Every structure is written in structure tokens, then in C-alpha cells.
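Per the numbering used here, residue 113 is the first one in the sequence shown, and the count goes up by one each step.
For glycine and all other residues, C-beta sits at the position ideal for the given N, C-alpha and C.
Just so you know, these numbers come straight off a predicted model, no measurement behind them.
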Amino acid sequence: VQLQASGGGLVQPGGSLRLSCAASGSIFSINYMGWYCQAPGKQRELVAAITTGGTTGYADSVKGRFSISRDNAKNTVDLQMNSLKPEDTAVYYCVARNSSWVAYWGQGTQVTVSS
Numbered sequence: 113v114q115l116q117a118s119g120g121g122l123v124q125p126g127g128s129l130r131l132s133c134a135a136s137g138s139i140f141s142i143n144y145m146g147w148y149c150q151a152p153g154k155q156r157e158l159v160a161a162i163t164t165g166g167t168t169g170y171a172d173s174v175k176g177r178f179s180i181s182r183d184n185a186k187n188t189v190d191l192q193m194n195s196l197k198p199e200d201t202a203v204y205y206c207v208a209r210n211s212s213w214v215a216y217w218g219q220g221t222q223v224t225v226s227s
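Below, the structure written as C-alpha cells:
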């Protein structure tokens, strides 16, 4: 499974960004996709995830601001990030897991929230 992420950038506080991730390869095995973030000096942590069936989960820090969606036909997962805060600044990674919970990671995309 290969994952290609895009959509990061620089945005002012209160602004929005949309991250996209496209999966290719043995995608039939994927039943979970999501986004993690890693800020400088911190561990990588889960931001949001979605199953093939559409069940979603969010970190408490992003609930009400971020929304994850998935297009199973296109094998993509998007993360809509609204009301961005400086503390959202991090490298964001797309992840996919198969039924054995093996993780596949995309390259990171930098999100910087700053005035």
C-alpha cells in the first residue's frame, strides 16, 4: 500500500486547510485510514480516523473543528481542518491499516498555523 498526502501549508489562526491522501496498491486490504500529527519534540499522535464503514474518531483537541471523510471508490481520505490554532502546527501523516492492523504511512505534510 502506498499513500500520497497533499494539502499542507501556512495558514493564519482561525483559517482552514484541507489535507488529502490517496491510497494505491493492495488497497483491498485496508479497513482503516486516518491522520496523525507530530509536533517538534513530541510523539506522533492520532488526529482522526475513519473505517471503511464510515465510523469516525477524533482527538479531543480537534473535535468540532476537524472533519475526516473517505471516498472508498477513489481510495482517498481527506481531513478538513477549520478554526486552526497555532498548537495545530505539526507534520501531518496519513495512515492506513489492514485487517491485521499493519500500518502503512504516507510522507508527512507540514501544517503551520501562524500570523
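For residue i, count neighbouring C-beta atoms within 10 Å of its own C-beta (all shown protein chains included) and say buried if the count is 16 or more, exposed if not.
i: VAL223; result: buried
i: THR221; result: buried
i: LEU122; result: exposed
i: ASP183; result: exposed
Nearest by alpha-carbon distance to residue i: which of the options is it?
i: GLN219; options: LEU122, LEU131, PRO125, SER195; result: LEU131
i: ALA288; options: GLY121, ASN143, GLU157; result: As displayed, the chain neither begins before 113 nor continues past 227, which places residue 288 out of reach and without an answer.
i: GLY119; options: PRO198, ARG156, CYS206; result: CYS206
i: ASP190; options: GLN150, SER141, GLN124, THR163; result: THR163
i: SER128; options: VAL225, TRP217, GLY165, MET193; result: MET193
i: GLU199; options: ALA160, ALA215, THR168, PRO152; result: PRO152
i: SER181; options: GLN150, GLY126, SER136, ALA161; result: ALA161
i: THR167; options: LYS186, MET145, GLN150; result: MET145
i: SER226; options: GLY126, ALA117, VAL113; result: GLY126
i: SER179; options: SER211, LEU196, LYS186; result: LEU196
i: TRP147; options: ALA117, ALA185, GLY165; result: ALA117
Could you check the C-alpha separation between residue i and residue j for me, to the nearest Å?
i: ALA134; j: VAL174; result: 22 Å
i: LYS154; j: THR201; result: 12 Å
i: TRP213; j: ASP172; result: 23 Å
i: LEU115; j: THR188; result: 9 Å
i: ILE139; j: VAL203; result: 24 Å
i: TYR170; j: GLY137; result: 27 Å
i: LYS186; j: GLN124; result: 31 Å
i: LEU158; j: CYS149; result: 7 Å
Tell me, please, whether the CB atom of residue i is closer than 9 Å to any CB atom in chain D?
i: LYS154; result: The displayed structure is made up of one protein chain only, and chain D is not part of it.
Kindly provide the ranges of any beta strand (DSSP E) runs that are 3 or more residues long and lie completely inside the stretch 142 to 221, ordered along the chain.
As far as the stretch 142 to 221 is concerned, its whole beta strand (DSSP E) runs of at least 3 residues are 142 to 150, 157 to 163, 168 to 170, 178 to 183, 188 to 193, 202 to 210, 215 to 217.
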